[in-house]
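K.L.:
Here it is: the structure, laid out below.
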Amino acid sequence: MPRLSYRRFHNRMHQVIAAGTATLAMLACGLIANTAVADDPVENSTTTSDNTANNSGHETPAPADSVTMYRLYNPNSGEHFYTADKDERDNLLYEHWRDEGVGWYAPETSSKPVYRLYNKNAGDHHYTISRTERNYLMKKGWKYEGVGWYSDENKTVPLYRQYNPHAVAGSHNYTTSASENDALVKAGWKAEGIGWYAVAEGHEQQPVTMEEDDSYASISAMMNLTGTGTGYHTKIDIASSGGVVVSFGIQYEKDIHLGYPQYPGNTVFLAENVMEHATKPGPEGKEYLYLAAANRGENAWVRLSWYWDGTVKFFVNDHEIGRTRTTLEPPFIFATEGSVARNKDSIKGYISDVRIKTGDDQFSYGTMGEWNASFNYFGLKSTISKFGKVNATDDQYNTHGGHAYGTDFIFTGTADIPGNGPDKKPWTWDTSFSAIEPNTLTTGHPLSAIANIAQYRTPDSDDE
């Protein structure tokens, strides 16, 4: 696609770097009764809390002749999912399941297959070594999906099975961790003994630092959000020409719990993927993802990363909590941003120690110039509270003379956007682009304060 000159690109991008929020529908599903049938392969067991495999923070080496069993979690349905198929795992990660690492290691084969079944009404899977239970569920309408993996004949590591009688989906959980088993039973789950056996314990998702991240572009920061009113938001952004922007941060909105009861604190880590129609209200061309619960007034180290295959990943404290695909293309504009939802809402948000890495050669490494914190709209303000340092390393962190590495920002203010929008309702962060901004007397602005900085490009890469 044609490339904009740095100045034209910079001026255009500040207008489209923010996008509003949207409410996503909860996953709705029915349920065929999930009744377990006692069968001798499902062993009864009294557990103790000495096996904490899934609570281990270190990676367990894969034993020889074993199969890695991936564990994922759906925050919308509450289901845990287990698979030996890496492609299936990756596809689910793009469907916004959460990576929970390696559940256990299974034998490559044995005389004890673990059967996999699916309830299309509930969107739920069930796993069992019991043929009786498998056949019973098939008669109840479950779809048999074949052998998922095998149980260890030597009974090296038990997989404990728990049942939640109140769950719509995700009614069973399987873990090598006796501590996890005990905690769920204490919370009201029913212990159902040992489901099958592994050859070795698994491990939690391993952290990936910014230095270890193989992304083409990343922006990271320490984030802390406070405010008053109906809603407010701090976020880090990566944007490219054509109005494409992806952001990630912490959002509070007073009614989140109504659509998402799993977030009673109304505060979440939110990812926004705006591929089209950045300045128009509505969900067209946009994707909004509530990825995990967050806490107001607490520090969280967040990171947003882009990869050449079009993937963007979202990290909290160096752990991936989500990913999706986008239409971003370099060169990029990076930004920090503070927003509020409605008139008279206020924000006091901190985005500190902002670090950027980008590029794949000397012509694209790092950033250029200084942070521009002058994009302040509707009573909100971004302030550089501490300038960063110059980084002259010949790599993705190069600031090319700018004091940009490790910059601190504060976002403050109370929204001044009185009146109603085209929908005859008070202006919001979804509709503010049509409002006249009182200081500039122009339209096309987010209900935000923004600071941004451009990716480095050599002069001969600019348009004439």
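Residue 382 in the UniProt record's numbering sits at position 382 of the sequence shown, with consecutive numbering throughout. We put the beta carbon where it would ideally sit given N, CA and C, even for glycine.
Here's a check: name, in chain order, each residue in its chain whose Cβ is nearer than 7 Å to the Cβ of Lys-190, leaving out the five neighbours to either side.
P.N.:
Gln-162, Tyr-163, Pro-165
K.L.:
Using 8 Å as the threshold, is the C-beta distance between Tyr-150 and Val-114 below it?
P.N.:
Yes, they are a contact pair.
K.L.:
Could you check what DSSP says for Val-168 in three-state terms: helix, strand or coil?
P.N.:
coil
K.L.:
Would you mind working out which of His-233, Asp-353, Ile-384 sits nearest Trp-301, comparing C-alpha positions?
P.N.:
Asp-353
K.L.:
Count the other C-beta atoms from every protein chain shown that fall within 10 angstroms of the C-beta of Ser-364, then say buried if there are 16 or more, exposed otherwise.
P.N.:
buried
K.L.:
Taking Gly-388 and Thr-407 to be in contact with their CB atoms under 8 Å, please state how far apart those CB atoms are, rounded to whole angstroms.
P.N.:
4 Å
K.L.:
Thr-267 and Ala-239: beta carbons closer than 8 Å?
P.N.:
No, the pair does not count as a contact, with Cβ atoms beyond the cut-off.
K.L.:
For the beta strand (DSSP E) that contains Thr-267, what are its first and last residues?
P.N.:
267-274
K.L.:
Determine the DSSP secondary structure at Glu-370, reduced to helix, strand or coil.
P.N.:
strand
K.L.:
If you follow the beta strand (DSSP E) that Arg-355 is part of, which residue opens it and which one closes it?
P.N.:
Per DSSP, the unbroken beta strand (DSSP E) holding Arg-355 starts and ends at 346-358.
K.L.:
Based on the DSSP output, what are the partners of His-445 in its beta bridges?
P.N.:
Its beta-bridge partners do not exist; DSSP assigns none.
K.L.:
Judging by CA-CA distance, which residue of Phe-315, Ile-436, Ala-122, Gly-148 is the nearest neighbour of Pro-418?
P.N.:
Ile-436
K.L.:
In three-state terms, what does DSSP make of Asn-391?
P.N.:
coil
K.L.:
Quick check: what's the CA-CA separation for Phe-433 versus Lys-348?
P.N.:
Their Cα atoms are separated by approximately 22 Å.
K.L.:
Rounded to whole angstroms, what is the Cα-Cα separation between Leu-159 and Arg-134?
P.N.:
18 Å
K.L.:
Can you tell me where the alpha helix (DSSP H) with Glu-145 in it begins and where it stops?
P.N.:
First-last for Glu-145: 143-150, but that is the beta strand (DSSP E), not the alpha helix (DSSP H).
K.L.:
Cβ of Gln-362 within 8 Å of Cβ of Asp-318?
P.N.:
Between Gln-362 and Asp-318, the C-beta gap is not smaller than 8 Å, which leaves the two residues out of contact.
K.L.:
Whose CA, out of Tyr-216, Thr-128, Val-340, lies closest to the CA of Thr-431?
P.N.:
Val-340
K.L.:
Alpha carbon to alpha carbon, how far is Glu-320 from Lys-313? Give it in angstroms, no decimals.
P.N.:
Cα to Cα, the separation comes out at about 7 Å.
K.L.:
Could you check how far apart the C-beta atoms of Ala-221 and Ile-351 are, in whole angstroms? I think they sit under 8 Å.
P.N.:
Correct: roughly 5 Å between the Cβ atoms.
K.L.:
Which one or two residues does DSSP pair with Ser-240 in a beta bridge?
P.N.:
Val-244
K.L.:
Since His-125 is in the beta strand (DSSP E), which residue starts that stretch and which ends it?
P.N.:
124-128
K.L.:
Note down the Cα distance separating Asn-76 from Tyr-197, rounded to an integer number of angstroms.
P.N.:
29 Å
K.L.:
Residues in the same chain with beta-carbon distance under 6 Å from Thr-458, minus the five sequence neighbours each way, listed in chain order, please.
P.N.:
Within the same chain, Thr-458 has close Cβ partners Phe-363.
K.L.:
Check His-400 in the structure and name its three-state DSSP category.
P.N.:
coil
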